[in-house]
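Numbering (full-length UniProt numbering), first residue to last: 1 to 271. Accompanying notes for the structure given below.
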Amino acid sequence: MLTAERRQFILEILRRDKKVLSSELSAVLKVSEDTIRRDLRELAETGLLQRVHGGALLSSPATASYADRIQQAPIEKEAIARAAAKLVLPGQVVILDGGTTTLQVARHLPIDLQATVITNSPPIAVALAEHPHIEVVMLGGQLYKKALVNIGAATVEALRMIRADLCMLGVCSLHPEVGISVTNLNEAHVKQAMIKSAAEVVGLVTAAKLDTAAPYVVASIHALSYLVTAPVVPLEVLTSYKDLGLTIIREDIDSATIIDSEAPVYKSIID
């Protein structure tokens, strides 16, 4: 088998199984593990996968610019935003992380909601500027232009002074074993600080980001109180997350579906 054919086979197995192991690929393809590691390394350099110890996982899709990402999966993001906005209660202090999905959450907050929103995202601050009853607190720092969020030591230090009721976390990658991960180290530090500053954390995850990994780990799955995703995600994909104790929320136009009958906000309608 030619090198190109072997690497295409690896990618096909990865898309099917969501992960590959070097030892198994070596046995199936009848080449050394050194050859497989070289294949994985070169595929990782092109952004087609994320190497982990012993193999590889699907790579994060959140590598495009903010302008490009805002065009991706708009229907999914709107469904996620509708569901997530219902978790915000009157009078709460809420951290809204940056991202195109969290921007939709800001736009779906009720017009009569009285709350305080703390964000490191200039687009979110602008979106809430005309909201009559929401106080907006903008976190300073260095603007990370690719994601349009403020990051750095000043952002982290400001978050240490905050005790929020809820954090809406924009998730770059989510995997049952790896946890929450991102593509930028400084952004990882900010997200860690957001998690530590909130009583409950809501992970907002489109289908393409589930079962993927990025270079910098933010926290384990257990840092999340809720996982809000889109109705296009099959239930079997969510099983491993439910088994880890997450309250999983999905919503379509007409109804909400939740996988956890003990959740306080929604009534379960799963058969």
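Built from N, CA and C at the ideal position, the CB exists for glycine as well.
Limits of the alpha helix (DSSP H) - the one that residue i falls within
i: Asp-39; result: 33 to 45
i: Arg-51; result: First-last for Arg-51: 50 to 52, but that is the beta strand (DSSP E), not the alpha helix (DSSP H).
i: Ile-124; result: 122 to 127
Identity of the residue in the options nearest residue i by Cα
i: Val-88; options: Ala-106, Thr-100, Glu-76 and Leu-29; result: Ala-106
i: Pro-122; options: Tyr-241, Met-138, Val-217 and Thr-3; result: Met-138
i: Ser-22; options: His-108, Gly-55, Val-28 and Arg-41; result: Gly-55
i: Glu-200; options: Val-93, Pro-110, Tyr-144 and Val-182; result: Val-93
i: Leu-174; options: Thr-229, Leu-185 and Leu-14; result: Thr-229
i: Leu-227; options: Ala-214, Val-217, Glu-251 and Tyr-216; result: Glu-251
i: Leu-246; options: Asn-186, Pro-231, Ser-220 and Val-232; result: Ser-220
Under the three-state DSSP convention, the category residue i falls into
i: Thr-239; result: helix
i: Glu-78; result: helix
i: Ala-193; result: helix
i: Thr-3; result: helix
i: Asp-271; result: The predicted position of Asp-271 is uncertain, since its pLDDT is 28 and thus under 50; a value taken from the coordinates is nonetheless stated next. Coil.
i: Gln-104; result: helix
i: residue 349; result: Nothing can be reported for residue 349: it is not among the residues displayed for the chain, which extend from 1 to 271.
i: Val-171; result: coil
i: Asn-184; result: coil
i: Gln-142; result: strand
i: Glu-200; result: strand
i: Leu-89; result: coil
i: Leu-148; result: coil
i: Asp-165; result: strand
i: Pro-264; result: Only weak support is given to the placement of Pro-264: the predicted model assigns it a pLDDT of 45, under 50, and the value that follows is read from those uncertain coordinates. Note: Pro-264 maps to coil in three-state DSSP.
i: Ala-73; result: coil
i: Ile-10; result: helix
Start-to-end residues for the beta strand (DSSP E) that takes in residue i
i: Glu-24; result: Per DSSP, Glu-24 belongs to no beta strand (DSSP E); it is in the alpha helix (DSSP H), 22 to 29.
i: Glu-251; result: 247 to 251
Beta bridge counterpart(s) of residue i as assigned by DSSP
i: Leu-58; result: Thr-212
i: Gly-179; result: His-175
i: Glu-135; result: Thr-116
i: Tyr-66; result: Tyr-66 is not bridged to any residue.
i: Ala-219; result: Ile-180
i: Leu-96; result: Thr-119 and Met-168
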